[in-house]
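Numbering (UniProt numbering), first residue to last: 1 to 494.
All C-beta atoms, glycine included, are put in the ideal place defined by N, C-alpha and C.
Okay, structure first, notes after.
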């Protein structure tokens, strides 16, 4: 609340009307002192005080100028950073997002987002390798859910002149796709128009090697168009798209002839309203299509969901990445090539190393099991026996009583929080101790706290442990696919 008040005041200070008043007040104080005429003995002191008062007002005006120039690109305070490789990562309900809402408390927002996690885990579990023209992975259509999905968005431009989109950031998906003009079932918030772009390079032919790389690609038709088309499932919805090419602008950098899906129809209720940018490891991901420029390296820092007025950052390429950062090996699963696997060796709750069956954590390419780092899941999900063991040890130390609220089954009165232990994830070569703001979620009134983790849904045959975005907030997560390592360092992303 205090932070919001401060930010609201800063916004007022940045108003041009306020600056105009400051200038007039400064001139008035210089010409018309507002205090009674001083005696000769007081003149020196009063002159100094008057000069100081005027200086303070002028300094406030300079603060305005600094705020305006340092936090905005041009007149747009929500634009990405003014260089080639840094982009703003925006909470989907943040101030700079077109999807922001004022109707819900932040913890209710998180609970609503976490309620979609089962669909996310089901999607991740379905990502067995299906390249080429094999069957596309399927997921049940869940009609009636909120159309918006995704937790963080990037501000991107497609085509020339630029067409603006707020696309979901997804580290476990390869392709990028956006709703296109004339799409059936797509939202009307923003659609891509190929006809309006002078840099549109047409559709990818269905017989081209690139078409064979897209998941769910359809065979070439016997008659009609030879455009590459594909069907995919995502977050409870299915969609059809055409693979097209146009320029993609990232901050001030531009990638010509970028291949992405032009979505023609959507069936289902959960779908990224303005599209998605895939940062996975597959051949059509941003990493692969920009390999010559960014060398397979990127990092992000996700801001807290509480950070309504602030954004995190996505850094592309090896330049500007943290040099002194702890790393753990990045593992590759040929059956799920898009996912970022790491080797989780154990979990510590307080001073207790939780006894866990080795096979429940072990990386097994044949089964697809192991632990991944994912930007699209809200709260960390463990396979059920692993989560139950972690939760039970946490409860044993906090003492309770406990209640369930939404996706969270370990909620307690905040007065017990002083007993809450720190939780440590142990990776090969790297221990990550979660601060309380990454392991607990609090109600707005401060009376209730919940353990911000859960079991994988029991109706999904998942063998994945997923380190989710709530546990990644205010961390710099570095992905180096050349040297096969993931780095993690504390950073204030807000």
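CA-CA distance, residue 375 to residue 181, rounds to 28 Å. In this structure, the beta-carbon distance from residue 302 to residue 89 falls below 8 Å.
Scanning the stretch 352-432 from its first residue to its last, the whole alpha helix (DSSP H) runs of 4-plus residues come out as 358-361, 384-398. In the DSSP assignment, residue 212 falls within the unbroken alpha helix (DSSP H) covering 209-212. For residue 326, no alpha helix (DSSP H) encloses it; the enclosing beta strand (DSSP E) starts and ends at 326-329. The beta-carbon separation of residue 462 and residue 454, rounded to 12 Å, does not stay under the 8 Å limit for a contact. Listed in chain order, the alpha helix (DSSP H) runs fully inside the stretch 272-318 are 286-289, 291-294, counting runs of at least 4 residues. Here residue 447 is near residue 413, since their CB atoms are less than 8 Å apart.
DSSP, reduced to helix, strand and coil, places residue 121 within a helical segment of the structure shown. With fewer than 16 other CB atoms across the displayed protein chains lying within 10 angstroms of its CB, residue 367 is exposed. Inter-residue distance for residue 192 and residue 179 is about 6 Å (C-alpha atoms, whole angstroms).
For residue 438, the enclosing alpha helix (DSSP H) has its first and last residue at 436-439.
Excluding the 5 residues flanking it on each side, residue 164 has same chain C-beta neighbours closer than 6 Å at 157, in chain order. Per the C-alpha coordinates, the member of 484, 296, 306 positioned closest to residue 327 is 484.
Judged by DSSP in its simplified three-state form, residue 472 adopts helix. A contact between stretches requires three or more CB pairs, one per stretch, nearer than 8 Å, and the stretch 466-481 meets this requirement with the stretch 424-438. Taking a contact to require three or more Cβ pairs closer than 8 Å, the stretch 211-229 and the stretch 240-254 qualify as touching. Under the three-state reduction of DSSP, residue 179 is assigned to strand. Counting along the chain, the unbroken beta strand (DSSP E) around residue 348 starts and ends at 344-349. With respect to the C-alpha of residue 329, the residue from 319, 345, 322, 253 having the closest C-alpha is 345. For residue 187, the three-state secondary structure derived from DSSP is coil.
In the DSSP assignment, no residue is bridged to residue 482. Within the same chain, 136, 230, 231, 232 come within 6 Å of residue 216 by CB-CB distance, once the 5 residues on both sides are set aside. Under DSSP, residue 448 shares a beta bridge with 413. Going by DSSP, residue 463 is part of no beta strand (DSSP E) at all; its letter is neither H nor E.
For residue 383, same chain residues with a beta-carbon under 7 Å away, outside a window of 5 residues either side, are 360, 456, 462, 463, 465 in chain order. Ranked by Cα distance from residue 214, the first of 283, 324, 317 is 283. The criterion of a C-beta distance shorter than 8 Å is not satisfied by residue 391 and residue 440. Counting the other CB atoms within 10 Å of its CB gives residue 471 a total of 16 or more, which places it among the buried residues. Membership of residue 258 in the beta strand (DSSP E) is indicated by the continuous run 253-267. Beta-bridge pairing by DSSP links residue 192 to 180.
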